[in-house]
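**Student:** Dropping a structure here in structure tokens format, bear with me for questions.
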Amino acid sequence: MKTVNHSPWKTIIGSTIGNALEWYDFLIFGYLSVIIAKQFFPNVGQLSSILLTTATFGVGFIFRPLAGIWIGMYADRAGRTAALSLVILLMFISTAMLAFAPTYRQVGIWAPIIVVLSRILQGISAGGEFGSATALLVELAPAHRRDFYGSWQMFAQSIGSLMATVITAILTRWFSPDSLSSWAWRLPFLVGLVIGPIGYWIRKNIDEPDEFVKSAKQPAVPFRALLTDYPAALFISLALGGAQNIVAYVFILYVPIFAIKTLMLPLDMPFLVLLVAMPVRMVLIPFFGHLSDVYGRKLVMGAALFGFIAFVYPAFYWLTRAPGLTSLMGVELVSAVLQAALMGPFAVTVADLFPTGVRSTGMSLTYNLTAALLGGFSPFILTWLVAKTGDFMMPAHYLEIFVALGGLALLCYRQHKNAAPVMAVEIGRPD
24 MKTVNHSPWK TIIGSTIGNA LEWYDFLIFG YLSVIIAKQF FPNVGQLSSI
74 LLTTATFGVG FIFRPLAGIW IGMYADRAGR TAALSLVILL MFISTAMLAF
124 APTYRQVGIW APIIVVLSRI LQGISAGGEF GSATALLVEL APAHRRDFYG
174 SWQMFAQSIG SLMATVITAI LTRWFSPDSL SSWAWRLPFL VGLVIGPIGY
224 WIRKNIDEPD EFVKSAKQPA VPFRALLTDY PAALFISLAL GGAQNIVAYV
274 FILYVPIFAI KTLMLPLDMP FLVLLVAMPV RMVLIPFFGH LSDVYGRKLV
324 MGAALFGFIA FVYPAFYWLT RAPGLTSLMG VELVSAVLQA ALMGPFAVTV
374 ADLFPTGVRS TGMSLTYNLT AALLGGFSPF ILTWLVAKTG DFMMPAHYLE
424 IFVALGGLAL LCYRQHKNAA PVMAVEIGRP D
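Using this note's numbering, you'd call the opening residue of the sequence shown number 24 and step up by one each time.
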């Protein structure tokens, strides 16, 4: 285990590059689901093929919680950098499987099987990414800058999301529907393969934070102790993670699909809108992380959650009653600002709920449970609900429930300035 002096920015880049690749990979898959469905599920109706593809997108999320526990415990015992190197290697393999997957016409039933296996492997790698990488970031940070440092983890998600959106917009602009369907859809995954080796090399050459090195000298904490000693921390982390995942997946992934397939907007319009909204969110995330250091996490995140509660019904009413560029742009821009305010303090808020010895495991478990149950399957659930009920406001109902639950959890959260491990004990563990 390396313990030499480390460069903060080197560690920040090394810890966030995997998160960027993760979001890039599965957002590309989500954005191109309508096209991919024709290649791997061709013998069913249009709605059924889309449902099968969005379900395939969600399959990987089933494996995320267990993988998060396993890799999280590995990170808490063997080291953050060892776990992160393993994670990005698995990401690279899963992306390669999809990039070179044969179609249904070429190999029959084996084609969707290969796609499903690639999404399972992607889910396993993603399960270990957030907790290990966030632990590395916040343990590196100065006490008075933890929120700003932690915000770069969510910034990385925005980088990956923006890359996916840019490349999808370019594809839909430059290639005909026939070219996209036959071969051009593979190009974004080939681009993702370039990132993997670079990230692996960086992660193999970064150092463990001092906070972890000191903690690693103590006996390992059993997994059951996480469940029995930190129930309040687990609840707060689950509820906040649920709110954060829901708003991200709905507005970044589901709304473009909804706009194209249900509102019948042009194929390239949602991606052009996201090309404007995503940089806004990306730039504002570190800004709100800084504000959280200055004014406190409850104020910044509370304003974001309240804003979403007030926003989602008017947003979907406007979008469904007047579908077009103006309404879609307005909804995505307001959502981008609110997401940035929620995401800026989010990573360190969850990290500081748990002490160093169980931090990666605790974050990995709760974040991946919410990502699996609420995030990954949201496109499938909402596509099915809207199709069955005919209620275009169903996404708003769905959002309100989980955002309100996140607000309740935030009311239970207590922040002790510059004392993360103490706070974790106080709110999650009995005296």
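Cβ atoms here follow ideal geometry from the backbone N, Cα and C, with glycine treated the same way.
In this text, all values refer to a predicted model and were calculated from it rather than measured experimentally.
Would you kindly report the start and end of the unbroken alpha helix (DSSP H) that includes glycine 150?
**Tutor:** 133–163
**Student:** Taking the C-alpha atoms as reference points, what is the distance between leucine 422 and methionine 352?
**Tutor:** 19 angstroms
**Student:** Do we get a CB-CB distance below 8 angstroms when we pair arginine 128 with the residues of chain D?
**Tutor:** No chain D appears in the structure shown, which is made up of a single protein chain.
**Student:** On the criterion of 16 or more Cβ atoms from any shown chain inside 10 Å, does alanine 333 qualify as buried, or is it exposed?
**Tutor:** By the beta-carbon neighbour count (other beta carbons within 10 angstroms, threshold 16), alanine 333 is exposed.
**Student:** Quick check: what's the CA-CA separation for phenylalanine 246 versus methionine 96?
**Tutor:** The alpha-carbon separation between phenylalanine 246 and methionine 96 amounts to approximately 8 angstroms.
**Student:** By the three-class DSSP mapping on this structure, what secondary structure does serine 199 have?
**Tutor:** coil
**Student:** Beta carbon of proline 309, beta carbon of glycine 367: below 8 angstroms?
**Tutor:** yes
**Student:** State the start and end residues of the unbroken alpha helix (DSSP H) segment that holds valine 273.
**Tutor:** Taken as a continuous stretch (DSSP letters only), valine 273 belongs to no alpha helix (DSSP H), as it is neither H nor E.
**Student:** Using 8 angstroms as the threshold, is the C-beta distance between alanine 156 and threonine 39 below it?
**Tutor:** yes
**Student:** For leucine 216, report the span of its alpha helix (DSSP H) as first-last.
**Tutor:** Residue range 210–227 is occupied by the alpha helix (DSSP H) that includes leucine 216.
**Student:** Give me the Cα-Cα distance between leucine 290 and glycine 413, rounded to the nearest whole angstrom.
**Tutor:** Spanning the alpha carbons of leucine 290 and glycine 413 requires a straight line of approximately 22 angstroms.
**Student:** Which residue marks the beginning of the alpha helix (DSSP H) containing phenylalanine 415, and which one marks its end?
**Tutor:** Here phenylalanine 415 belongs to no alpha helix (DSSP H), and DSSP marks it neither H nor E.
**Student:** From proline 293 to alanine 419, what distance separates their C-alpha atoms?
**Tutor:** 18 angstroms
**Student:** Taking Cβ to Cβ, would you say valine 214 is nearer than 8 angstroms to isoleucine 229?
**Tutor:** no
**Student:** With H, G and I counted as helix, E and B as strand and the rest as coil, what does DSSP make of serine 38?
**Tutor:** helix
**Student:** Specify the secondary structure class of methionine 287 as computed by DSSP and reduced to three states.
**Tutor:** If DSSP states are grouped into helix, strand and coil, methionine 287 belongs with coil.
**Student:** Report all residues from its chain with a CB closer than 6 angstroms to the CB of glutamine 62; omit the five preceding and five following residues, and keep chain order.
**Tutor:** Thr126
**Student:** Hey, quick one: how far does the alpha helix (DSSP H) through leucine 298 stretch, first residue to last?
**Tutor:** 292–318
**Student:** Take the Cβ of leucine 250 as the centre, count every other Cβ of all protein chains shown within 10 Å, and call the residue buried at 16 or more, exposed below.
**Tutor:** Using a 10 angstroms sphere on the CB of leucine 250, the tally of other CB atoms stays under 16, which defines it as exposed.
**Student:** Considering aspartate 252, what are the terminal residues of the alpha helix (DSSP H) in which it resides?
**Tutor:** Unbroken alpha helix (DSSP H) run through aspartate 252: 246–252.
**Student:** What is the rounded straight-line gap between the Cα of proline 88 and the Cα of arginine 100?
**Tutor:** Rounded to the nearest angstrom, the two C-alpha atoms are 18 angstroms apart.
**Student:** Determine whether the beta carbon atoms of serine 184 and glutamine 145 lie at a separation below 8 angstroms.
**Tutor:** Inclusion of serine 184 and glutamine 145 in the CB contact set at 8 angstroms is not warranted, their separation being larger than that value.
**Student:** According to DSSP, simplified to helix, strand and coil, what is arginine 169?
**Tutor:** helix
**Student:** Nearest by alpha-carbon distance to alanine 410: which of Gly429, Ala326, Lys284, Leu203 is it?
**Tutor:** Lys284
**Student:** The alpha helix (DSSP H) with arginine 100 in it runs from where to where?
**Tutor:** 87–101
**Student:** Return helix, strand or coil for asparagine 28, following the three-state DSSP convention.
**Tutor:** Legend: pLDDT at asparagine 28 = 48, less than 50; position of this residue unreliable, value from coordinates given subsequently. Secondary structure at asparagine 28: coil, using DSSP grouped into helix, strand and coil.
**Student:** Do you know offhand how far valine 57's Cα is from isoleucine 85's?
**Tutor:** 22 angstroms
**Student:** Under DSSP, the alpha helix (DSSP H) around threonine 389 begins and ends at which residues?
**Tutor:** 382–393
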